[in-house]
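Protein chains in written order, with the numbering used here: chain A, 2 to 97; chain B, 20 to 501; chain C, 1457 to 1940.
Every residue, glycine too, gets a C-beta built ideally from N, C-alpha and C.
Notes to accompany the following structure.
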Amino acid sequence: MSSISNETVEKIARLSALAIAPEELSMYATQLSNILTLVEQMNTLDTTGIEPMAHPQATNQRLRNDCVTEPDERKELQSLSAFTEAGLYLVNQVIE
Amino acid sequence: MEWETVIGLEVHAQLATKSKIFSGAATAYGAEPNTQACAIDLALPGVLPVLNREVVIMAVKFGLSVGAEVAERSVFARKNYFYPDLPKGYQISQFELPIVKGGSLDILLEDGSIKRVGITRAHLEEDAGKSLHEDFNGMTGLDFNRAGTPLLEIVSEPDLRSAKEAVSYLKTLHTLVRYLEICDGNMQEGSFRCDANVSVRPKGQAALGTRAEIKNVNSFRFVEKAIEYEVQRQIALIERGEKVKQETRLYDSDKNETRPMRSKEEANDYRYFPDPDLLPLCVTSEWVEKIRQTMPELPTQKRVRFEHQYELSAYDASLLAGHKALADYFEAVLKLTPAPAKLVVNWVMGDLAAALNKVNLDISKSPLSPEKMAGLLNRIHDNTLSGKLAKEVFEVLWEGNADTDTIIKERGLEQMTDSSEIEKIIQQIIDKNPTQLAEYQAGKDRLFAFFVGQVMKESRGKANPEQVNALLKEKLKGEMNV
Amino acid sequence: MLHLKTLSEMADDLAEKRYSATELVTHFLNRIQNHDSELNAFITVTKEQALSTAKKADQDRMAGTAHKLAGIPIAQKDIFCTKGIKTTCGSFMLDNFIAPYDATLIERCNQAGLATLGKTNMDEFAMGSSNENSYYGPVRNPWDVTRVPGGSSGGSAAAVAARLAPIATGTDTGGSIRQPAALCNLTGLKPTYGRISRYGMIAYASSLDQGGLFGLSAEDLALVLQITAGFDEKDSTSVDHAVPDYSKTLHDSLQGVRIGIPKEYFTAGLNPQIAHCIHEAIKVYEKLGATIKDISLPHSDLSIPAYYVIAPAECSSNLSRYDGIRYGHRCENPVDLSDLYRRSRAEGFGSEVKRRIMIGTYALSAGYYDAYYLKAQQIRQLIRQDFVEAFKEVDFILGPTTPDTAFKLGEKTNDPISMYLSDIYTISVNLAGLPAISAPAGFSDNLPVGMQLIGSDFSEAKLLNIIHQFQQHTDWHKRMPEGV
């Protein structure tokens, strides 16, 4: 049975880009551990050799023609953000 | 100790489609920021990707051109990481099952030998947007026009052993993708980008050293310099007893050095899994065959054909074949003139190339059409124009709209081939120069050139030099017998 | 009392001009105004748009150009993007989000002239089984306002059950249509995966999500499924499969239809009174000429474990786009880029969403992928195979929709796992991609009981047929909460 430590919660939270308050860590650790316990019931079954199923459909990807169909909607799309300037979306400095 | 350099390259070639890989937004370069970023490119809630057919065709063409296996079934996965230029928080990319597997590319080394470089794979993925670091009150600006532009990532085996080999591989690949018309190859605009995995090991050691990945080097020259710098850096580290760190580094062309990328310091866990919004891509063998029928002649095939069909030297043939537009121009001219291939090559790669170079024009935009070039070569071939006059005509052709025959007529430039006319001039010259004649007759043979020069000058360069030679020799001999 | 009519009756009445679409829509808008403060079924009421659609329907009907459903009111789950109307997905993250496009399902409803009354409340990003995970507060069950309506499409279910709308849309990823339909005494359809376009439907778990409908009867559902089902080139997973006339086959006889009863759906966790209701329903089907057969779906018990890997894994990735950069909530004065991401997302999402994102991230992370994600996909395959095998012997599978009736508000909020278990009979259908309907089958202590019928791929017409036949011989679906 897996149990998730506070450190693991912190690591997952970082990968998930979620700020988790220190006082919430152990709550999440318990809850996530419980979910993992539920999930690990899967281990009661040997699935060796079973083809994984990624999708309910056994069909293939459909393809679209190479046509430009989307007009410039910058004005409308940027009305969704309060942080734009000179046609750009603004964020805190990106350091490469 | 002697060190061996090991280099593998990852090339990101932007595919030259009209629309994006998963949306109908335009891909044209240089548009106003975010005017080519639609709801799908911006990852608005609820939008879904649909794959562009042309992108698949282009990947298959590439696969066929390097003798690779085109996978009947390939799968798009999500590569998950947070970065402001990545709107979905994941990049759609082929991971475990790429569309192109294996293959190889032959490159020409400096010593003239050919080296076969293995291609591991080539897979389809989407490009990210661009971060603009001009200062917006301490903020970074994001332009998503590039987000969703189709990329073919071509991964080589670690077969390259020097910066020069790496550049040769890149140039060969660059030629190839432009030949296939799947990528415009514009490195300034980022259409053809290269990441280099570089490591060093003591010569003779089988195990690979720890590698550093140098990101996004945007010219052939910088690739060479970046790799050379990195190799020296790694050797110096090891010789000092330190270790090479596996990391991503950025090349700074101003300082000519590489430095670690801060944003990539934290080891990423990309959590790849098959994208549930897309189904497996199926490319049937029938479809591959259909695409094969549309394949253009490839650079190597063209080089071999030129050598045989036109009896060109390997050098000329490979130079021509290395540039598709040049090769096409050459063949277009050749179709219009009975002049021998060698003459055509000399003019196309000589005077024409030099003139184009001077004004920085590609042959595809040559102001001198193949028809006009052929017109000039016709007159050289039938001896109407001497080499010198031809150059004069070429200058006029380059400047204006006239054709060769009109220029010749207007300027009276036809080569003088009438023997009696040439003889007349020779006689005049001999008569005018009794002193030189006497000296010549006294045995000063080198004065023969003097007479030729005078005759050519008198004819304003139009006299056929061979005829002048022959007739003059005869005439001078005759004078001696008088 | 226009709200007591079925949708089919409304369509006939409008065609006969017994009343106008404007009168009909006004009547429902008034009901929402008078009753929704108690239920909290709507996040947004779109009064003006609904009235102008109704007005146009009336004009078109005078001109003879109206679709037969033109002017009929509909409630849309707030997971479907609506151009110019706020779409929140029940989340503070999208509290200010106005989509510049319509979801394909919305577009098709609009084309037929259906009048959208508003956007219904839901569990945040469709994660939940009680509608208590909404940023906009819980929805109450019209049968007992101290109880939950089920989730995640709880607002749509409550709205139809309280006759605040004759029909509503929902989405079903693990039971989010069928479970609330069962808890609110409605007929709820989850079509085959790929039957209704997912374009513009905000994704929770892309390989499981499927849009569908809540109504008062199979007959009503058939009318609206007719216009919403079908291929959409904007959705790669939309299936290009012919759309039959769903109303035409409603009256087909059930003589010789084979119905399988899976023994795994009648185990200890099932409320005995629900089991009783289902056995009564089986008797009805026997009378209607169906043959009943005991079957087994041996991997049923692993559907919840597999689901709680696959759905969170997909959701962890699907919800990465909410970063506060291009739209949605952005935290105040972020100190740096990492703070911008982490705080915007932490403030924008509720705790269940965060839990699922973290579980999914964990399951996909290096070293765990095979043990969790790949394993879950293998089990998914086995679950689908169970159904494939079963459908070799029977045409439909019948069982309870939920193990219990509507629970009290707050009863399970501190126990995520017991909440997850309320979807025990519905989840395997999503994993397999099959169509299923939950329909009223009786009552237990005055609370509705639902039965679930599961069909093979694209068997919606037959499913509606067997529910319709049941509804011709029972009146459970006609029962209404007190005060309606």
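Enclosing beta strand (DSSP E) for D1750 (chain C) [first to last residue] = T1747 to I1751
message = How far does the alpha helix (DSSP H) with L179 (chain B) in it extend, from its first residue to its last?
response = Element bounds for L179 (chain B): n/a, residue is neither H nor E.
request  = Helix, strand or coil for Q1833 (chain C), going by three-state DSSP, please let me know.
outcome  = Note: Q1833 (chain C) maps to helix in three-state DSSP.
request  = Return helix, strand or coil for C68 (chain A), following the three-state DSSP convention.
outcome  = Three-state DSSP puts C68 (chain A) in coil, outside helix and strand.
request  = Let me know if R1782 (chain C) comes out buried or exposed under the rule of 16 or more other beta-carbons within 10 Å of its beta-carbon.
outcome  = buried
request  = Measure how close the beta-carbons of S1609 (chain C) and M1578 (chain C) come, nearest whole angstrom, since I'm counting them as under 8 Å.
outcome  = Contact holds; Cβ gap of about 6 Å.
task = In the DSSP assignment, find the unbroken alpha helix (DSSP H) run with A1659 (chain C) in it and report its ends.
result = Counting along the chain, A1659 (chain C) falls outside any alpha helix (DSSP H), and DSSP gives it neither H nor E.
task = Determine the DSSP secondary structure at E284 (chain B), reduced to helix, strand or coil.
result = Any reading at E284 (chain B) is ruled out, since the residue's pLDDT is 48, under 50, leaving its predicted position unreliable.
query = Got a sec? Which residues, its chain only, sit under 8 Å from H1929 (chain C) by beta carbon, not counting five neighbours each side?
reply = V1740, K1743 and L1744
message = By alpha-carbon positions, which one of B:A225, B:L227, B:A226 and B:K244 ends up nearest to I233 (chain B)?
response = B:K244
inquiry  = Would L26 (chain A) pass as an interface residue toward chain C - the criterion being a Cβ-Cβ separation below 8 Å?
reply    = no
Among C:A1510, C:K1719, C:Q1532 and C:N1727, the one whose alpha carbon lies nearest that of F1899 (chain C) = C:N1727
inquiry  = Please confirm whether L78 (chain A) has its beta-carbon closer than 8 Å to some beta-carbon of chain C.
reply    = Answer yes: the Cβ-Cβ gap between L78 (chain A) and chain C drops below 8 Å somewhere.
ask   = In whole angstroms, what separates the C-alpha of A351 (chain B) from that of Y1825 (chain C)?
value = 58 Å
inquiry  = Once DSSP output is grouped into helix, strand and coil, what is the label at Y90 (chain A)?
reply    = strand
ask   = Is DSSP giving Y1881 (chain C) helix, strand or coil here?
value = coil
ask   = Which of helix, strand or coil does DSSP assign to R252 (chain B)?
value = helix
request  = Ignoring anything shorter than 3 residues or poking outside the segment 1519-1583 of chain C, list the beta strand (DSSP E) runs there in chain order.
outcome  = 1529-1533 and 1571-1576
request  = Note the first and the last residue of the continuous alpha helix (DSSP H) segment covering Y1444 (chain C).
outcome  = The requested residue 1444 (chain C) does not occur in the structure, where chain C is confined to residues 1457 to 1940.
ask   = Going along the chain, which residues of its own chain have a beta-carbon closer than 7 Å to the beta-carbon of E266 (chain B), five neighbours each way excluded?
value = A231 and P279
request  = Compare the Cα-Cα distances from A372 (chain B) to each of B:G209, B:F349 and B:G394 and report the closest residue.
outcome  = The shortest C-alpha separation from A372 (chain B) is found at B:F349.
ask   = In the segment 1867-1914 of chain C, which residue ranges form an unbroken beta strand (DSSP E) of at least 3 residues, counting only runs that do not cross its ends?
value = 1892-1900 and 1903-1910
inquiry  = Rounding to the nearest angstrom, what Cα-Cα distance links Q1447 (chain C) and T1576 (chain C) in this structure?
reply    = Residue 1447 (chain C) lies beyond the range of chain C shown here (1457 to 1940); nothing can be said about it.
Start-to-end residues for the alpha helix (DSSP H) that takes in P1636 (chain C) = R1634 to L1639
message = Just checking: is the beta-carbon of E284 (chain B) within a distance shorter than 8 Å of some beta-carbon in chain C?
response = Legend: pLDDT at E284 (chain B) = 48, less than 50; position of this residue unreliable, no value from coordinates given.
Proximity test, Cβ basis, 8 Å: D1558 (chain C) and chain A = no
Cβ-based burial, H152 (chain B) [other Cβ within 10 Å; buried from 16] = exposed
query = Count the other CB atoms within 10 Å of the CB of E284 (chain B); is the residue buried (16 or more) or exposed (fewer)?
reply = Note on E284 (chain B): pLDDT 48, under 50, position unreliable in the model; no value is reported.
ask   = Whose CA, out of B:P318, B:G223 and B:I118, lies closest to the CA of R197 (chain B)?
value = Considering only alpha carbons, the answer is B:P318.
inquiry  = On a Cα-Cα basis, can you pick out the residue from A:N93, A:R63 and A:K76 that is closest to D1696 (chain C)?
reply    = A:R63
query = With distances taken from CA atoms, which of C:Q1505, C:D1551 and C:D1514 is nearest I1499 (chain C)?
reply = That would be C:D1551, whose Cα lies nearest to the Cα of I1499 (chain C).
key: chain C within 8 Å of L16 (chain A), Cβ atoms only   = yes
ask   = DSSP state of K264 (chain B), grouped into three classes?
value = coil
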